[in-house]
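**Q** Line by line, the protein sequences give chains V and A. Following this note's numbering, the numbering of the first sequence begins with 1 at its first residue and continues without gaps. Following this note's numbering, the numbering of the second sequence begins with 760 at its first residue and continues without gaps.
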Amino acid sequence: MNDSGKNIAIAGNPNSGKTTIFNALTGARQHVGNWPGITVERKEGRFSYKQISYNVIDLPGTYSLASYSIEETIARGYLIDEHPDVVINIVDAANLTRNLFLTTQLIELGIPLIIVLNMMDMATEKGLEIDTETLSILLGAPVVKMVGRTGAGAEELKQAIALAVEKGPVSHDIQIPYPRELEAEIVELTSELARRKIARDRLRWRAVKLLERDKTSTEKIKVRANTSPLLANVDNAIRRIEDIYKDTSRAIISHARYGFIQGALRECVRETNATPFDYSREIDKVLTNKWLGLPVFAGMLWLMFQLTYTIGAYPMDWIDSGVAWLMSALDKILPTGMLSSLIIDGAVGGVGAIAVFLPNIFILFFIIALFEDSGYMARVAFIMDRIMHSIGLHGKAFVPMVMGFGCNVPAIMGTRILESRRDRILSILINPFMSCSARFPVYVLVVGAFFPQQAGTVIFSLYALGIFVAIASGKLFSRTILSGMSRPFVMELPPYQMPTFRSLMLHTGERGIIFIKKMGTVILAGSILIWALGYFPREVQLPKDFTALEIQALDDWKLLSDQIDQRFAESVEIGKELYSSKLTPFEESQGYQILSSQRNSLHTEVSVARDSVIADLHFEQMAETMEQKWIGRLGKTIEPVLAPLGFSWRESVALITGFVAKEIVVSTYGVLFGVGSEATEENVGIIENLRKSGMTPLVALAFLVFTLLYTPCLATIAVIKRETGSWGYTAFSVIYSLILAWLLAFMIYQIGSSLNWLT
Amino acid sequence: MGRKLFGFGFGRRHNRKRRHRLDISGKELFLSDLQAGERVRVVAVGGSEHFRIRLMEMGILIGDIIEVSKYAPLQDPMEIIVKGYHLALRVSDSEKIIVEYLKD
C-alpha cells in the first residue's frame, strides 16, 4: 500500500456496479493482480483530486460480511485490518433492500462510510423516488447519487470523498436496533468485552459477531488467554436468545437488520406505481428459452471461435511475417556464433511462436468481456448449471472449459469469472484436458501417418477422451481434494446492459497485458532452455564424416552431369555427320533441339536427385547431432521410463520439447525423422519416415493419448501457478496429468500388444 | 458408473413425486413444485443455516412474494423473480422453501 495517499476501499454487492465506479474514479490508472496466495482478483487504482492522491481498492463483491466465502473473508479482513480512510459502499438503487444488508454491517463496523446510490436511472424507471437527505441521516453517512455507466455523479463522489477524508475518522452514532432481549445481551457483552480488556474498539460489532456464532470472531477470541469464561457467557446468551425467539441467533440478527432497512426505506422511498418494461425478461424469452436457450448458446460459442480465428488470422499473419523478418534481419546484422543463435533461434523464435497467438487471445478476451458486461454470462451459468453441477461446478465454469479448445492459457485466466476459489481451482485443474488447438497439428501429423483411413474418427475420439478425462477428474477432485467447500447456488441474473466500449477495452486490456507480461517471461526462459539443450555441447562425435560424405556425393553427381554433357557432345558430333541440309547450320535444326532439350531435362533430373540426397544427408546429420546434444541425451535418459509405452528416445525428445509448447512436437519430429524443421501437416516425407522408424500404429495411438493428456505447455504451467497462487496445485496438476498420461498410454500399448492389435 | 458420471438428462424434473412432499393434511407446498408463471408467498425456509442465511442475504425473506419465471432448458436450476430482480436457484435448494398461494 502506498503511504503517499489516502486509502479508499470500494465495497458492495456483486452486480451493483462496483467496477464501473472504480473505473470511473481511476480511469486507466489501475493494476489488476491477485490477493496474496489466493485466486481472487485484486484491483487497485489511483486518482488525484484537489492535490490529494488516493489509492482505490476494489474489494470483491459480497452480499454480506459473514466469513462464509473467501471473498467475504477478504473484504472483511481488509476493512478491519487495513484501516482504509474511507469506504465507498456501492448500492444498487433499484434493489435497495437487499443491497443495504451489507451496509448495515458496514455501519456496525464503524468505518467512515460513503454510500453511493448507483444505477439511479434504473431506479427512476422503476418508479422509485429516493429522499437521499433522509436516507443519509438514517444511515449516518453521506449519500451520493450516481449513474456509473455514464459517469454522472463522479464529481460529487470525489467531493464527498475529499470531505470525508478532511473530517478524519468519525464514529457512527447510528446503531442497528435489535429486539429488546437481544439488545440487552449485546449491551451486556459489550461491557464485558471492555471490562475484560479484550477489545477497545468496535465493541458492538464484536459483540454482535460473537452472538452470531461468527467463526472468525470466535477464533480470534479463543486463541487469547483467559477468554473461556467470556466464551461460556456468549454461549449462554445465545441459548437464552434462541429459547426466546425460537430461531438461530444468526437468523434473528439478520432479520433485525432487514427490519432496520425496511423501517428506513419506509421513510425515504416513495414508490410511484410505474411498472417498467422488463426488457431483460423479454430478451430471456429467447436466450434462456426452453428450446432455444441451448442452441443459441451453442451458436454464440461457434461465433466466438469463428471470430477469434477468422479475424485473428490477419494480425496473426502480420506478426508471423514480422517475426520472420526480424529473424532474417538479425541474422544479417549479428555475426554468426552462439550469441546470434541464442537471440535468433532461442529468444526471437521462441517468443515469436507465442506472440503469434496474441491476436486470438485479445479477441477471445474481448468476447468474454462482452458476455460478462452485458449480463449474458449469468445466463450461460443458468442454462449450463445442470451439466456442470454434475461434476461439482458452477454453471459459469462451462465457458472456460470451452475456451480450452482454443488455448488453455486464456481459458485458465478465464476462470476468473468464477467467484468461489474452490470452483476456480477445480476448473483450472481440469482445463488442461480440453484439447487445445496447439495439439491439433500433432494429431494431424501422427494420425495422417498411421490412421489415414480413420483420421476423423481418431481425432474426434481424442477430443472426446479429453472431455471424458476432464469430467471424470472433476468428479474425482470434487469428491476428494476439493470436497466440502461448495456453497448454495443462489445466483443473481442481473438485467441486461449495453456494455460500454471503455469498460470492454479495460477488461480486455488488463487481462491481455497480464498474458503478455507473465507469459513473455516464462516463454522466453523456456525457449532459451530448449535452445540450450539443443545447442550444447558444441562438439559432437558423429558416426560418419558428413562433410566428407557431402563432398563425395557432390563429386559423384558432378561426374554424372559431366557424363551427360559428354554424351550430349558425342551425340551432336554424330548428328552433324548425318546432317545433310546446307541451308541452315545443325545447331538450328530440329534434331539438335531435341537433343538439347533431352540434355536439359536430364540435368534437371540429376540436380533434383542430387539436392534430395544432399538434403537427406543434412537431415541425417541433424538427427545424429540431435542425438548427441543434451536434449538427445535427456531423451535417452528418460527412454527407460517411457519404454513400457513403446516409445523410443525420439518420442521422448519430442515429448520433452512438447513441454514448452505442443506444436513444437511437430518440428522436433521434423528434425528427428529427417525432414527438416519446415515440416508441416502436409509433409509426406515425415509421414513416410515416421512409418519407417519402427513406430507401429499402436505406439502412435499411445503417443497421441500421451500428447493429449500431459501438461499442455510451459505457459499453461505458469498460468496455473499464477492463477492458483500455489506451487502445490501447480505441481499437482503437472504430476497428475503426467501419471494419467503414462497410465493410459501404458494400458493402450500393453493391452494392444498382448492382443496383437494395430501392430 | 456411466450413468452417475453423466447424471443429467432431459427427463421431467426429478423432484416431481417426492415422498415427503405432502403431509397428512396435504397442504405443504414447496417452491420446487411450482410451474413457470405461478406466484406464491414464502412461508418458511428449511435446510442448513448457511442456506437460510444465504437466501436472506440475497433478499428472500419470509412473507416475500416470489414469481417463478421459468425453469432452465435442462429443467434445473429455476429462475424466480423477487422484488423485481431475477435469481437462479437449484431445484434441490428450492425444495427447502415452503410457500403458499396468494389468497386472491
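Idealized CB from N, CA, C, for every residue including glycine.
(1) Would you call the CB atoms of V/Arg250 and V/Arg213 closer than 8 Å?
(2) Applying the 10 Å Cβ sphere with the 16-neighbour rule, what's the burial state of V/Gly263?
(3) Determine, using beta carbons only, whether A/Ala847 comes closer than 8 Å to chain V.
(4) Would you kindly work out how many angstroms separate the C-alpha atoms of V/Phe489 and V/Tyr749, rounded to a whole number?
(5) Give me whichever residues DSSP pairs with V/Lys145 in a beta bridge.
(6) Quick one: is V/Asp58 buried, meaning 16 or more other Cβ sit within 10 Å of its Cβ, or exposed?
(7) Please state whether the Cβ-Cβ distance between A/Lys842 and V/Thr97 is less than 8 Å.
(8) From V/Val147, V/Leu743, V/Ile8 and V/Gly728, pick the residue whose C-alpha is nearest to that of V/Pro112; which is it?
(9) Compare the Cα-Cα distances from V/Gly61 to each of V/Asn13, V/Ile90 and V/Ser48 and report the closest residue.
(10) With 9 Å as the limit, tell me which residues of the region 807-834 of chain A have their beta carbon closer than that to any beta carbon of chain B; keep them in chain order.
(11) Within 8 Å of any Cβ in chain A, is that where the Cβ of V/Gly293 sits?
(12) May I ask you to list the residues that DSSP assigns as paired with V/Ser53?
(13) Please list the residues of the region 56-68 of chain V that have a C-beta atom closer than 8 Å to any C-beta atom in chain A, keeping them in chain order.
(14) Which residue marks the beginning of the alpha helix (DSSP H) containing V/Lys167, and which one marks its end?
(15) Have a look at V/Ala731 and V/Leu709 and give me their C-alpha separation to the nearest angstrom.
(16) Please classify V/Phe382: is it buried, with 16 or more other beta-carbons within 10 angstroms of its beta-carbon, or exposed?
(17) Got a sec: is the Cβ-Cβ distance from V/Tyr258 to anything in chain A below 8 Å?
(18) Closer than 9 Å, Cβ to Cβ, to anything on chain A: give me those residues from the region 465-494 of chain V, in chain order.
(19) Measure from the alpha carbon of V/Phe450 to the alpha carbon of each residue in V/Val734, V/Thr150, V/Val165 and V/Ala700, then state which is nearest.
(20) Taking Cβ positions only, does A/Glu838 come closer than 8 Å to chain V?
(21) Looking only at C-alpha atoms, which of V/Ala553, V/Tyr669 and V/Glu44 sits nearest to V/Pro441?
(22) Which residues, in order along the region 364-386 of chain V, keep a beta-carbon less than 8 Å from a beta-carbon of chain A?
(23) Could you pull the start and end residues of the beta strand (DSSP E) that A/Tyr830 belongs to?
(24) Can you pull the chain V neighbours of A/Gly843, defined as C-beta to C-beta under 9 Å?
(25) Under 8 Å between beta-carbons, which chain A residues line up against V/Lys290? List them in chain order, please.
(26) Mark V/Asn408 as exposed unless 16 or more other C-beta atoms lie within 10 angstroms of its C-beta, in which case mark it buried.
(27) For the alpha helix (DSSP H) that V/Met622 lies in, which residues bound it at each end?
(28) What is the DSSP secondary structure of A/Ile819, reduced to helix, strand or coil?
(29) To which residues of the same chain is A/Glu826 closer than 7 Å at the C-beta, ignoring the five residues directly before and after it?
(30) Do you know offhand how far V/Gln541's Cα is from V/Lys629's?
(31) Count the other CB atoms within 10 Å of the CB of V/Ser677; is the residue buried (16 or more) or exposed (fewer)?
(32) Can you say whether V/Leu418 is buried or exposed, counting buried as having 16 or more other CB atoms within 10 angstroms of its CB?
(33) Please say whether V/Asn431 and V/Ile401 have beta carbons closer to each other than 8 Å?
(34) Quick check: the Cα distance between A/Ile856 and A/Ala831, rounded to an integer number of angstroms?
(35) Helix, strand or coil, according to DSSP, for V/Asn95 in the structure here?
(36) Which whole-angstrom value is the C-beta distance of V/Ile176 and V/Leu211, which I expect to be below 8 Å?
**A** Well, looking at it:
(1) Mapped onto the first sequence, residue 250 of chain V falls at position 250. Mapped onto the first sequence, residue 213 of chain V falls at position 213. Yes. Within cutoff.
(2) Residue 263 of chain V sits at position 263 when you count from the first residue of the first sequence. V/Gly263 comes out exposed.
(3) Taking the second sequence and counting its residues from 1, the one referred to as residue 847 of chain A is at position 88. So, interface residue.
(4) Within the first sequence, residue 489 of chain V is the residue found at index 489, counting from 1. Within the first sequence, residue 749 of chain V is the residue found at index 749, counting from 1. Taking the straight line from one Cα to the other gives about 44 Å.
(5) Indexing the first sequence from 1 puts residue 145 of chain V at position 145. Paired residues: V/Leu117.
(6) Taking the first sequence and counting its residues from 1, one reaches residue 58 of chain V at position 58. Buried.
(7) The residue labelled residue 842 of chain A in the question sits at position 83 within the second sequence. The residue labelled residue 97 of chain V in the question sits at position 97 within the first sequence. Cβ distance < 8 Å, so A/Lys842 and V/Thr97 count as in contact.
(8) Here residue 112 of chain V is taken as the residue at index 112 of the first sequence, counted from 1. Comparing Cα positions, the closest option is V/Ile8.
(9) Taking the first residue of the first sequence as 1, we reach residue 61 of chain V at position 61. Ranking the options by Cα distance to V/Gly61, first place goes to V/Asn13.
(10) As a matter of chain content, chain B is missing from the structure shown, whose protein chains are V and A.
(11) Here residue 293 of chain V corresponds to residue number 293 of the first sequence, with the count starting at 1. Judged by the 8 Å Cβ criterion, V/Gly293 is in contact with chain A.
(12) As a position in the first sequence, residue 53 of chain V is number 53, starting the count at 1. V/Ser53 is bridged to V/Ser48.
(13) Tyr63, Ser64, Ala66 and Tyr68
(14) Along the first sequence, one-based indexing puts residue 167 of chain V at 167. Run containing V/Lys167: Ala154 to Lys167, per the alpha helix (DSSP H) assignment.
(15) Mapped onto the first sequence, residue 731 of chain V falls at position 731. Mapped onto the first sequence, residue 709 of chain V falls at position 709. The alpha-carbon atoms of V/Ala731 and V/Leu709 are separated by roughly 15 Å.
(16) Here residue 382 of chain V corresponds to residue number 382 of the first sequence, with the count starting at 1. Buried: at least 16 other Cβ atoms inside 10 Å.
(17) Walking along the first sequence from the start, residue 258 of chain V turns up at place 258. Yes, V/Tyr258 lies at the interface with chain A (some Cβ there is under 8 Å from its Cβ).
(18) Phe468, Ile471, Ala472, Lys475, Arg487, Pro488, Phe489, Val490, Met491, Glu492, Leu493 and Pro494
(19) In the first sequence, the residue the question calls residue 450 of chain V occupies position 450. The shortest Cα separation from V/Phe450 among V/Val734, V/Thr150, V/Val165 and V/Ala700 belongs to V/Ala700.
(20) Here residue 838 of chain A refers to the residue found at position 79 when the second sequence is read from its first residue. So, interface residue.
(21) For the purposes of this step, residue 441 of chain V is taken as the residue at position 441 of the first sequence. The shortest Cα separation from V/Pro441 among V/Ala553, V/Tyr669 and V/Glu44 belongs to V/Tyr669.
(22) Ala378, Ala381, Phe382, Ile383, Asp385 and Arg386
(23) Start at 1 with the first residue of the second sequence, and residue 830 of chain A comes out as number 71. Ile824 to Tyr830 is the span of the beta strand (DSSP E), which, as asked, contains A/Tyr830.
(24) In the second sequence, counting from the first residue as 1, residue 843 of chain A sits at position 84. Within chain V, the residues near A/Gly843 are Ala94, Asn95, Lys126, Pro276 and Asp278.
(25) Within the first sequence, numbered from 1, the residue matching residue 290 of chain V stands at position 290. Under the 8 Å cutoff, chain A gives Lys829, Tyr830 and Pro832.
(26) Against the first sequence, residue 408 of chain V aligns to sequence position 408. With 16 or more Cβ atoms within 10 Å of its Cβ, V/Asn408 is classed as buried.
(27) As a position in the first sequence, residue 622 of chain V is number 622, starting the count at 1. V/Met622 -> alpha helix (DSSP H) spans Gln590 to Gln628.
(28) Counting from 1 along the second sequence, the entry for residue 819 of chain A is found at position 60. DSSP places A/Ile819 in coil when its eight states are reduced to three.
(29) Position 67 of the second sequence, counting from 1, holds the residue named residue 826 of chain A. So the list reads Arg798, Ile839 and Ile840, once near-sequence residues are dropped.
(30) Working through the first sequence from its first residue, we reach residue 541 of chain V at position 541. Working through the first sequence from its first residue, we reach residue 629 of chain V at position 629. Approximately 10 Å between the Cα atoms of the pair.
(31) Position 677 of the first sequence, counted from the first residue, corresponds to residue 677 of chain V. At V/Ser677, the pLDDT of 42 sits below 50, so the modelled position is not reliable; the number obtained from the coordinates is stated separately. Answer is exposed; the Cβ neighbour count stays below 16.
(32) Looking up residue 418 of chain V in the first sequence gives position 418. V/Leu418 should be labelled buried.
(33) Within the first sequence, the letter at position 401 stands for residue 401 of chain V. Within the first sequence, the letter at position 431 stands for residue 431 of chain V. First, the residue type needs correcting, since residue 401 of chain V is Met and not Ile in the sequence shown. Contact flag set, yes.
(34) Here residue 856 of chain A refers to the residue found at position 97 of the second sequence. Here residue 831 of chain A refers to the residue found at position 72 of the second sequence. Cα to Cα, A/Ile856 sits roughly 19 Å from A/Ala831.
(35) Indexing the first sequence from 1 puts residue 95 of chain V at position 95. Residue state, collapsed to three classes: helix.
(36) By 1-based counting over the first sequence, the position of residue 176 of chain V is 176. By 1-based counting over the first sequence, the position of residue 211 of chain V is 211. Their Cβ separation, rounded to whole angstroms, is 13 Å, which puts V/Ile176 and V/Leu211 out of contact at 8 Å.
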